[in-house]
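**Q**
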Amino acid sequence: MIEFHLDARSGIAPYLQIVGQVRNALLLGLLVEGDKLPTVKEVVARIAINPNTVSKAYRELEHLGLAAAKPGVGTFIARSLGEASLAEHGPLQDELRAWLAKARAAGLTRPGIEAMFQSTFRESAEEEK
Amino acid sequence: MSAILQAHALGRRYGRRQALAETTLEIPRGHVVGLVGPNGAGKTTLLKIACGMLAPSSGRIEVLGEQPTGDPAQDTPTYAGLSVRDHLKFGAKLNPRWDAALAKARIEQLGMDPKQKAGKLSGGQRAQLSLTIALAKQPELLILDEPVASLDPLARRTFLRHLMESVAERHTSVILSSHLVSDLERVCDYLIVLVASRVQLAGETENLLAQHYRIVCTRRAETDLPHALEVIAAEHTDRQSTFIVRSETEPPAGDWSAEHLELEDLVLTYMERALDPGHSTTSTTGEPR
Chain A
1 MIEFHLDARS
11 GIAPYLQIVG
21 QVRNALLLGL
31 LVEGDKLPTV
41 KEVVARIAIN
51 PNTVSKAYRE
61 LEHLGLAAAK
71 PGVGTFIARS
81 LGEASLAEHG
91 PLQDELRAWL
101 AKARAAGLTR
111 PGIEAMFQST
121 FRESAEEEK
Chain B
1 MSAILQAHAL
11 GRRYGRRQAL
21 AETTLEIPRG
31 HVVGLVGPNG
41 AGKTTLLKIA
51 CGMLAPSSGR
61 IEVLGEQPTG
71 DPAQDTPTYA
81 GLSVRDHLKF
91 GAKLNPRWDA
101 ALAKARIEQL
111 GMDPKQKAGK
121 LSGGQRAQLS
131 LTIALAKQPE
141 LLILDEPVAS
151 LDPLARRTFL
161 RHLMESVAER
171 HTSVILSSHL
181 VSDLERVCDY
191 LIVLVASRVQ
201 LAGETENLLA
211 QHYRIVCTRR
221 AETDLPHALE
231 VIAAEHTDRQ
241 STFIVRSETE
251 PPAGDWSAEH
261 LELEDLVLTY
271 MERALDPGHS
281 TTSTTGEPR
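First to last, the protein sequences are chains A and B. 1 is the number of the first residue of the first sequence in our numbering; add one for each residue after it. 1 is the number of the first residue of the second sequence in our numbering; add one for each residue after it.
Structure, rendered in structure tokens:
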């Protein structure tokens, strides 16, 4: 079963962190269709967060069509993100690895690489709008 | 009746000292409310009035739709000379709604020895015993004054885990005070900032975070910003101005950067504003209507 964590310094709303962790787990194939998510009580008893935060995250997952609540039973993963599974994109990952090697060779360190990725990602997302 | 606590122009004086002033609040049910503020701000006074342990000098307050009665359901001291078992025995005698099974199960789960005297327990265990007694009374509202202040980080996290578990299980509303914003950020979905005996800010944490922005721009006066932006704080260097603003809608695009604040910065902004002698003490309370 998936375990959540909370990064207080991320600046991302806690419920969105949980949504993101489920999405990542789906992309990585750690969660597949039919898997049960931990109950709200189980999550808050583990990581000491507000129960409403977890409920809200689960509602958002339902809204996104990623999870479905079965009353009295729990919340379950409604579909796998199979088509976008990272494992199937080996060639893309290889390209990224090659690019990272080039960036390091050009003297960029992690903060520089992350900043460049984020600014380029933003620009490209803007262009696609 | 959806409010768990309603206060109107509530005040309390100790002789000439005004410990709490002009406090108007309406806290909806089903929240974990964080009450935050510097020492001496009036947090304990407000909580004692809410528990009915202290009468207000002015104004009105209703808790769960009634005037606080002095029923100590929310105040749970422990007594050093009494054993854990004695605490539970007294709890059962004094409280008609006492859930003995819950109390026993929690003590077992915590690995506490029922024969142990409370004075010999660690700080974390004492806090857990106190929480156990409070929970076994099955209150609709739990009021906790600085429950984790004296605990080490591990005991603090354990305490909050147990508290959140009970909230999830029983839908108990909670009001707790703390000055550890990082803890409040995890567990509270409603925030009250109390400084200099007045409520400076109150509302659902998420809304408060969504409504505040930090605007960084070339040096300029407050009045050069769009009027829709309520300026909470301003700081200037020779070239740059930084404003903390409150706005219902996203600030318009302009020759500035506008970003959301972290909760800690938001709380500190309102604390500093309230303690700044140049600033009037008008308070910004409640949800936008």
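Glycine included, every Cβ here is placed at the ideal spot set by N, Cα and C.
What three-state label does DSSP hand B/His179 in the structure shown?
**A** Correct three-state label for B/His179: coil.
**Q** What separation, rounded to the nearest whole angstrom, lies between the Cα atoms of B/Asn95 and B/Ile133?
**A** Cα to Cα, the separation comes out at about 10 Å.
**Q** Locate the alpha helix (DSSP H) running through A/Thr163, then write down its first and last residues.
**A** This structure cannot speak to residue 163 of chain A, because chain A is shown only from 1 to 129.
**Q** Does the beta carbon of B/Ser177 sit closer than 9 Å to a beta carbon anywhere in chain D?
**A** Structure shown: chain D not included; protein chains present are A and B.
**Q** Using a C-beta to C-beta distance shorter than 7 Å, which residues of chain B count as neighbours of A/Asn52?
**A** Asp189, listed in chain order.
**Q** So, for B/Ser178: in the same chain, excluding its five sequence neighbours on each side, which residues have a beta-carbon less than 8 Å away from its beta-carbon?
**A** Cβ neighbours of B/Ser178 beyond the five flanking positions: Gly34, Leu35, Val36, Glu146, Pro147, Val148, Ala149, Leu184.
**Q** Evaluate the contact criterion for the stretch 120-136 of chain B versus the stretch 153-169 of chain B: three or more CB pairs, one atom per stretch, below 8 Å.
**A** Touching, yes, given that three or more Cβ pairs across the two stretches are closer than 8 Å.
**Q** Under a CB-based cut-off of 9 Å, is A/Ile47 close to chain B?
**A** It does: the Cβ of A/Ile47 has a partner Cβ on chain B nearer than 9 Å.
**Q** Using the Cα positions of A/Val73 and A/Pro38, report the straight-line distance between them to the nearest angstrom.
**A** The straight-line gap from Cα to Cα measures roughly 11 Å.
**Q** With the cut-off set at 9 Å, would you say B/Glu248 and B/Ala228 are in Cβ contact?
**A** Yes, Cβ-Cβ distance for B/Glu248 and B/Ala228 is below 9 Å.
**Q** What is the residue span of the beta strand (DSSP E) that B/Ser58 lies within?
**A** Taken as a continuous stretch (DSSP letters only), the beta strand (DSSP E) holding B/Ser58 covers 58-63.
**Q** Would you list the residues sitting across from B/Lys89 in a DSSP beta bridge?
**A** Paired residues: none, contrary to the question.
**Q** Run the CB neighbour count on A/Arg122, radius 10 Å, all protein chains shown included, and call it buried at 16 or more, exposed below.
**A** So A/Arg122 ends up on the exposed side.
**Q** Helix, strand or coil for B/Lys358? Go by DSSP, reduced to three states.
**A** What the structure shows of chain B is the stretch from 1 to 289, and residue 358 of chain B is not part of that stretch, so it cannot be assessed.
**Q** So is A/Ala57 buried or exposed if we call it buried at 16+ other beta carbons inside 10 Å?
**A** It counts as buried.
**Q** Answer yes if the stretch 252-268 of chain B comes into contact with the stretch 216-225 of chain B, meaning at least three C-beta pairs across the two stretches below 8 Å, and no otherwise.
**A** The stretch 216-225 of chain B, when compared against the stretch 252-268 of chain B, does touch it at the 8 Å Cβ threshold.
**Q** For B/Gln109, name the three-state secondary structure that DSSP assigns.
**A** If DSSP states are grouped into helix, strand and coil, B/Gln109 belongs with the helices.
**Q** For B/Ile4 and B/Pro68, I'd like the C-alpha separation in whole angstroms.
**A** For B/Ile4 and B/Pro68, the distance between alpha carbons rounds to 12 Å.
**Q** Excluding the five sequence neighbours on either side, which residues of its own chain have a C-beta within less than 7 Å of the C-beta of B/Val267, listed in chain order?
**A** Excluding residues within five positions, the ones whose Cβ falls inside 7 Å are Val36, Val181, Val193.
**Q** So, are the CB atoms of B/Leu261 and B/Arg186 less than 9 Å apart?
**A** Taking 9 Å as the Cβ cut-off, B/Leu261 and B/Arg186 do not qualify as a contacting pair.
**Q** Is B/Ile49 helix, strand or coil by DSSP?
**A** Three-state DSSP puts B/Ile49 in a helix.
**Q** Apart from the five residues just before and just after A/Val54, which ones in its own chain have a Cβ nearer than 7 Å to its Cβ?
**A** Contacts found: Ile18, Val40, Val43, Val44.
**Q** At 9 Å on the CB atoms, spell out the chain A contacts of B/Arg186, in chain order.
**A** By Cβ distance, chain A contributes Leu6, Ala8, Pro14, Ile47, Ala48, Ile49, Asn50, Thr53.
**Q** Whose C-beta lies closer than 7 Å to the C-beta of A/Glu127 among residues of the same chain, with five residues either side of it excluded?
**A** So no residue of the chain qualifies.
**Q** For B/Gln125, name the three-state secondary structure that DSSP assigns.
**A** Reduced to three states, the DSSP call for B/Gln125 is helix.
**Q** For A/Pro91, does the count of other Cβ atoms within 10 angstroms reach 16, so buried, or fall short, so exposed?
**A** Exposed, by the Cβ-count rule.
**Q** Do B/Leu201 and B/Cys188 have their C-beta atoms closer together than 9 Å?
**A** No, these two residues do not count as a Cβ contact at 9 Å.
**Q** Along the stretch 21-42 of chain A, where does the CB come closer than 7 Å to a CB of chain B? Name the residues.
**A** The stretch 21-42 of chain A vs chain B, Cβ under 7 Å: Val40, Lys41.
**Q** Quick one: does A/Val73 have its CB under 9 Å from some CB of chain B?
**A** Not an interface residue.
**Q** Locate the alpha helix (DSSP H) running through B/Tyr213, then write down its first and last residues.
**A** Unbroken run through B/Tyr213 is the beta strand (DSSP E), 212-218; no alpha helix (DSSP H).
**Q** Which residues in the same chain as B/Thr76 place their Cβ atom closer than 6 Å to its Cβ, once the five residues preceding and following it in sequence are excluded?
**A** Excluding residues within five positions, the ones whose Cβ falls inside 6 Å are Ser130, Ile133, Ala134.
**Q** Quick check on B/Leu160 - is its C-beta less than 9 Å from some C-beta in chain A?
**A** So yes, B/Leu160 belongs to the interface.
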